[in-house]
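*Asks:*
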Amino acid sequence: MKQISTKEIVDLFAYNKDSAVLVEKRPLPGNAQYKVNYSVVNFATGEQEVITKSAYLLRKFGSAFQKISTEIPNFVQCDAAVLYDRRVLVIYPNGEAGIFDREGTLEWNGMFQYHDAPVKHLALEEKYFWSVCPGENAVIRYACQNMKVDLRIGGKDAQTFVNPQHICQYNGDLYVACGGNKIRKIDGMDYTVSDYRTFSQQVKRYHKFGQYALVVLESGTYLVDETKE
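Residue numbering for the sequence shown follows this note's numbering, starting at 1361 and increasing by one per position.
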């Protein structure tokens, strides 16, 4: 594993097939405010290149990024996905969510909850998306068409996912960062769950990109070549 950042990471997602966007939080001295740095990390080399705020917003929100970014208060803290019909879905860590039409106008806002517990993060799967619900030890799939629960894996009294914190999708399978420093894999064909790998520290985020992964641990953010682990 190669450490690429010791700063707090507030956003991370694919930029293209060879790199990912990394947004670092950098506190300003003397007050409670902070600034962020936008960069792209190359998987093969681990090198980082600074990108503009506009390039970040375009990749995150699509062509209507200018209007969307003016309507939401903190665009780095949310997960976002451009849906199959070109609407844009955003979800914050507290479960607050919004849907924007293809022109960037907010058409719905509300809360995503499961049994009154907030869900967070967003992994897109064609006409569905997946989120995690730490309070209910569950992974939830929603239908993009109506934003209703379509499938649940795990549950409050089950050990399938203990305190799930993050979910990502790669090549049809899903990867869930859980308690116990574990990454658990959901098979995209039959939804069976298995252990994928275990780290030495608590996992805050895990993003798989082919043979590479970016993992956010307590001590920092690391680039992993999983063919060499």
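We put the CB at the ideal spot given by N, CA and C, even for glycine. Here the structure is a predicted model, which means the values were calculated and not measured.
Going by other Cβ atoms of all chains shown within 10 Å of its Cβ, with 16 needed for buried, is E1496 buried or exposed?
*Replies:* The residue in question, E1496, is buried, as its Cβ has 16 or more Cβ neighbours within 10 Å.
*Asks:* Cα-Cα, which of P1433, Q1525, I1546, F1425 is closest to F1460?
*Replies:* If we check each option's Cα against that of F1460, F1425 comes out closest.
*Asks:* Suppose the cutoff is 6 Å on Cβ atoms and the five residues either side in sequence are ignored; what does the same chain contact list for T1520 look like?
*Replies:* Answer for T1520: G1514, V1553, listed in chain order.
*Asks:* Any contact between the segment 1393-1401 and the segment 1556-1573? By contact I mean 3 or more CB pairs, one from each, below 8 Å.
*Replies:* Not touching, per the Cβ criterion.
*Asks:* Under a Cβ-count criterion, where at least 16 other Cβ atoms within 10 Å of its own Cβ denotes burial, should W1468 be classed as buried or exposed?
*Replies:* It is exposed - the Cβ of W1468 has fewer than 16 other Cβ atoms within 10 Å.
*Asks:* Helix, strand or coil for R1544 per DSSP?
*Replies:* Reduced to three states, the DSSP call for R1544 is strand.
*Asks:* For H1567, which beta-bridge partners are listed by DSSP?
*Replies:* DSSP lists L1574 as partners of H1567.
*Asks:* Comparing C-alpha positions only, which one of A1477, N1454, Q1473, A1441 sits nearest to G1464?
*Replies:* When only C-alpha atoms are compared, the closest one is A1441.
*Asks:* From R1447, T1430, C1438, pick the residue whose C-alpha is nearest to that of A1457; which is it?
*Replies:* Per the Cα distances, C1438.
*Asks:* Since I believe Y1551 is in contact with K1487 (beta carbons under 8 Å), could you give me their beta-carbon distance rounded to a whole number of angstroms?
*Replies:* Contact flag wrong, Cβ pair sits at about 17 Å.
*Asks:* Do you know whose CA, among N1506, C1538, A1537, lies nearest R1604's CA?
*Replies:* In the structure as shown, the chain starts at 1361 and stops at 1589, and residue 1604 therefore has no counterpart that could be examined.
*Asks:* Please check the pair Q1525 and V1499, which I expect to be a contact at CB under 8 Å, by giving their CB distance rounded to whole angstroms.
*Replies:* The Cβ separation is near 11 Å, so there is no contact.
*Asks:* With Q1529 as the anchor, note down where its beta strand (DSSP E) starts and where it stops.
*Replies:* That run of the beta strand (DSSP E) goes 1526-1530.
*Asks:* How about V1563: is its C-beta nearer than 8 Å to some C-beta of chain D?
*Replies:* Included in the structure is just one protein chain, with no chain D present.
*Asks:* Quick check on A1380: buried or exposed, where buried means 16 or more other Cβ atoms within 10 Å of its Cβ?
*Replies:* A1380 should be labelled buried.
*Asks:* Look at P1537 and I1546 and say whether their C-beta atoms are less than 8 Å apart.
*Replies:* What sits at residue 1537 in the sequence shown is Ala, not Pro. For A1537 and I1546, no; Cβs fall outside 8 Å.
*Asks:* Where S1414 and P1478 are concerned, what is the direct C-alpha to C-alpha distance, given to the nearest angstrom?
*Replies:* Approximately 30 Å between the Cα atoms of the pair.
*Asks:* Which one or two residues does DSSP pair with Y1488 in a beta bridge?
*Replies:* Y1488 is bridged to E1485, A1503.
*Asks:* Does DSSP classify P1478 as helix, strand or coil?
*Replies:* Residue state, collapsed to three classes: strand.
*Asks:* On the three-state DSSP scale, how would you describe K1508?
*Replies:* Coil.
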